[in-house]
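Top to bottom, those sequences are chains D, B and R. For what it's worth, the numbering used here labels the leading residue of the first sequence as 1, then goes sequentially. For what it's worth, the numbering used here labels the leading residue of the second sequence as 98, then goes sequentially. For what it's worth, the numbering used here labels the leading residue of the third sequence as 363, then goes sequentially. Beta carbons are placed, not taken as given, at the ideal position from N, Cα and C, and that holds for glycine.
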Amino acid sequence: MSASTDARLRLVFALLTGVTLLSWWLGTRDGGEAFSPSVAITVSVLLIAAIKVRVIVWEFMELRHAPATLRRFADALLVLLMTLLLGLHAWGLHAAG
Amino acid sequence: MSRAPRDGGLAARLREQWRQNPKLELWLAWWTMVVFYQIFGIVFVLMTRVMPPPKPWWEPERVAQWFADTHDGLVWGFGIIFLISFMAPACNALIGYSMRRMSVSPVFAYSYIAIYSVSAFPGMLLAALLLCAGALRPDRDPQIISWLYDAAFMTFVGTMGLFLVGTAVWMVAILLDKNRVFPLWFGYLNICNLLTEVVVAPAWIFKAGPFAWNGVITFWIDTLVFAVYTAVFIALLRRMTVRDDLREGPLPETPQLATTASLRF
Amino acid sequence: MHVTSNDVPLSRLREWAGERAAARSDAEAGTLLHAADAAPSPAASRQPLPQAGEAKASGSLPSNAIPGRIDIWIFVAIEVVIFSSYFVAYMLHRVWEPALYLESQQQLSQHFGAANTVILLVSSWLMAGAVQAAREGRHAAAQRQVWATMAFGGLFIASKLVEWSSKIGDGYTLTTNGFFTFYYFLTGIHVVHVLMGFGFLAVAIHQMHSPARRSMPAIEACGIYWHMVDFLWVIIFALLYVMR
Chain D
1 MSASTDARLR LVFALLTGVT LLSWWLGTRD GGEAFSPSVA ITVSVLLIAA IKVRVIVWEF
61 MELRHAPATL RRFADALLVL LMTLLLGLHA WGLHAAG
Chain B
98 MSRAPRDGGL AARLREQWRQ NPKLELWLAW WTMVVFYQIF GIVFVLMTRV MPPPKPWWEP
158 ERVAQWFADT HDGLVWGFGI IFLISFMAPA CNALIGYSMR RMSVSPVFAY SYIAIYSVSA
218 FPGMLLAALL LCAGALRPDR DPQIISWLYD AAFMTFVGTM GLFLVGTAVW MVAILLDKNR
278 VFPLWFGYLN ICNLLTEVVV APAWIFKAGP FAWNGVITFW IDTLVFAVYT AVFIALLRRM
338 TVRDDLREGP LPETPQLATT ASLRF
Chain R
363 MHVTSNDVPL SRLREWAGER AAARSDAEAG TLLHAADAAP SPAASRQPLP QAGEAKASGS
423 LPSNAIPGRI DIWIFVAIEV VIFSSYFVAY MLHRVWEPAL YLESQQQLSQ HFGAANTVIL
483 LVSSWLMAGA VQAAREGRHA AAQRQVWATM AFGGLFIASK LVEWSSKIGD GYTLTTNGFF
543 TFYYFLTGIH VVHVLMGFGF LAVAIHQMHS PARRSMPAIE ACGIYWHMVD FLWVIIFALL
603 YVMR
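See below:
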């Protein structure tokens, strides 16, 4: 039984749950009353999601052991998706004036 | 072309292949499949203008107008499809063969062939019949013409259950196979195709937006995945035929040159 | 599943007996889900079996090794591209009708969304532990953890059903508006992935169950599929429930 791997997985899980609760708090802070558009909430929530995805892929899926090419490809894919989503959101704000 | 010329030119080489190539039937099936998908693409995209599909929200008069505009393309295009629909079973036969070459039970091959034989109907023939009926009876009430139009495109885009199950059968066979007929990633690619087949169902409900029968999710993404999947399996079936030693047990990784006089020019 | 023992004609079995040594020099003959080798890659030479001393001692993968096989990663990459196209389509429609999406989003339960995320995170954690346990040769513990993973997957689906029926009860259905269409579509296709994940988890248990199988790459591949379902939900949670 390897205590170090176990401890590492436990730490990863605690971190993931922690940031989930952070986004939950961000989303419910105003008690579910009259939602208003918020760049701060959107950007931070999407970045939190990106960090969570990165941690799940690196730790749970163990991609951190994989060759550099594969790791770089995974990062590029995640950055591309987040750029598209945030870019569309920014473009929407811009178009709305 | 680049290979050293043999005696007798093209005709003689073809004759030699026909008499001696032990994989003649496999190569015939493979080429039939390639030709079928080429003609299918030309007819459905260029001649009949069924892919990408016209608008689901059109009024009956506009639909009747569409039938008048594409009359010749529909009649001639689907005429060709009815003529060559015998080619689709060749494709199913080769895929069925791929499963017989695996270490799995023959049940997989037989269910796949049965399922895909039936699926030619909702996937292609039903739409062709309904649209031909609309094109050849222009004097009917536009309401009736419009019904044919709805029925044709709903079945063409929205009925994927058979394809889904067929794809699942092939997927399980590939993942269980010990003869390494296909690489493992192709087994997983079947899951991708299968899951995009699930998402076409909303085409029955929505008349506009991303989930209508011409929508970005129900038509475009689904068709793109299917096109990639089809191109990949055509390439892999070719590779399988090249590698095949016509025996049982694991498929050799490299072609057996003695038995692999392939029909390539 | 027991192809070797039940379904294959004797003649073919005899042929195998001769060819087996040449065909599969590693100890993986007769295992499930990885019968076909990937195209030659740096990882193909790596075969981290549970018996391997190094892997057993450290309980983790050697560096520069691909967990599972490259094949499952090709699958994950394609799935990510397909889901990304759904996410971009959602974002585009949201940009076109910001007020409608914002107002409809308010009808969703943030608590349900967050609870769903935590449920899936727990299941992923359990599955990661199961893969570790299998690598260290603790197969009974590994199987228990996969069963627990399944239980949390079931809990996720149950909570999704409760959430959907409460939305439908409130009068929000697939056709209410664009936001709710995307809501039911994205959560629905994700649940289909969870259901398929049960198949992968069952294969993992099947692999761990008998010493004759126990292929680490196959078990890792099952884990990777399950974690993919988890991280897809993380993005769906951010897009549907929380962003403004």
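Within chain R, not a single residue places a beta-carbon under 8 Å from that of B:Gly258; the smallest gap is close to 13 Å. DSSP, reduced to helix, strand and coil, places B:Trp310 outside both helices and strands of the structure shown, so it counts as coil. Residues of the segment 522-534 of chain R with a C-beta less than 7 Å from any C-beta of chain D: none at all. Proximity to R:Thr549 across B:Asn287, B:Val296, B:Pro280 and B:Val160 peaks at B:Val296, based on C-alpha coordinates. Assigned with DSSP and collapsed to three states, B:Pro203 falls in helix. At a cut-off of 8 Å, the C-beta of D:Trp58 has no neighbouring C-beta in chain R.
For B:Gln135, the three-state secondary structure derived from DSSP is helix. A residue is called buried once 16 or more other Cβ atoms fall within 10 Å of its Cβ, and B:Arg116, having fewer, is exposed. For R:Leu602, the three-state secondary structure derived from DSSP is helix. Beyond the five residues adjoining it in sequence on each side, R:Leu462 comes within less than 8 Å, by CB distance, of Asn539, Gly540 and Phe541 in the same chain, given in chain order.
DSSP places D:Ile51 within a helical segment (H, G or I) once states are collapsed to three. Put simply, the CB of D:Thr83 is far from chain R, with every gap to its CB atoms at 8 Å or more. For B:Val278 and R:Arg497, the gap between their C-alpha atoms comes out near 29 Å. Across the set B:Thr338, B:Ala328 and B:Leu321, the C-alpha of B:Leu321 shows the shortest separation from the C-alpha of R:Val443.
In summary, B:Pro299 is buried, with 16 or more beta-carbon neighbours lying within 10 Å of its beta-carbon over all protein chains present. Using beta-carbon distances, B:Tyr194 does not count as an interface residue toward chain R, since no partner is under 8 Å.
Residues of chain R with a Cβ closer than 7 Å to the Cβ of D:Gly18 do not exist; the shortest Cβ-Cβ separation is about 10 Å. Apart from sequence neighbours up to five positions away, no residue of its chain approaches R:Val450 with a beta-carbon distance below 7 Å. A direct Cα-to-Cα measurement between D:Thr42 and R:Gln507 gives close to 35 Å.
R:Tyr534 and D:Gly18 have their C-alpha atoms some 31 Å from each other. Per DSSP, the unbroken alpha helix (DSSP H) holding D:His94 starts and ends at Ala68 to Ala96.
Within the segment 310-333 of chain B, those residues whose Cβ lies closer than 8 Å to any Cβ of chain R are, in chain order, Val313, Ile314, Ile318 and Val322. R:Tyr463 has a beta carbon lying at 8 Å or more from every beta carbon in chain B. In the assembly as shown, B:Ala249 is a buried residue. Its beta-carbon has 16 or more other beta-carbons within 10 Å.
Here B:Pro150 is not near B:Val313, since their CB atoms are 8 Å or more apart.
Here the C-alpha atom of B:Gln135 lies approximately 15 Å from the C-alpha atom of B:Pro186. Contact fails between the segment 519-537 of chain R and the segment 483-492 of chain R, because fewer than three Cβ pairs, one in each stretch, are under 8 Å apart. A residue is called buried once 16 or more other Cβ atoms fall within 10 Å of its Cβ, and B:Asn290 is buried on that count. Its chain contains Pro186 and Asn189 as the residues whose beta carbon lies nearer than 8 Å to that of B:Ser214, once the 5 sequence neighbours on both sides are disregarded; these appear in chain order.
R:Ile586 places its beta carbon 8 Å or farther from that of R:Val480. When Cβ-Cβ separations below 8 Å define contact, B:Leu343 makes no contact with chain R. Taking 8 Å as the threshold, the shortest C-beta distance from D:Val53 to chain R falls below it. Here R:Gly475 carries a helix assignment [DSSP, helix/strand/coil]. Cβ atoms of B:Leu191 and B:Leu334 come within 8 Å of each other, at about 6 Å.
Here D:Glu62 carries a coil assignment [DSSP, helix/strand/coil].
Approximately 6 Å separates the beta-carbon atoms of R:Lys522 and R:Val553; this is inside 8 Å, confirming the contact.
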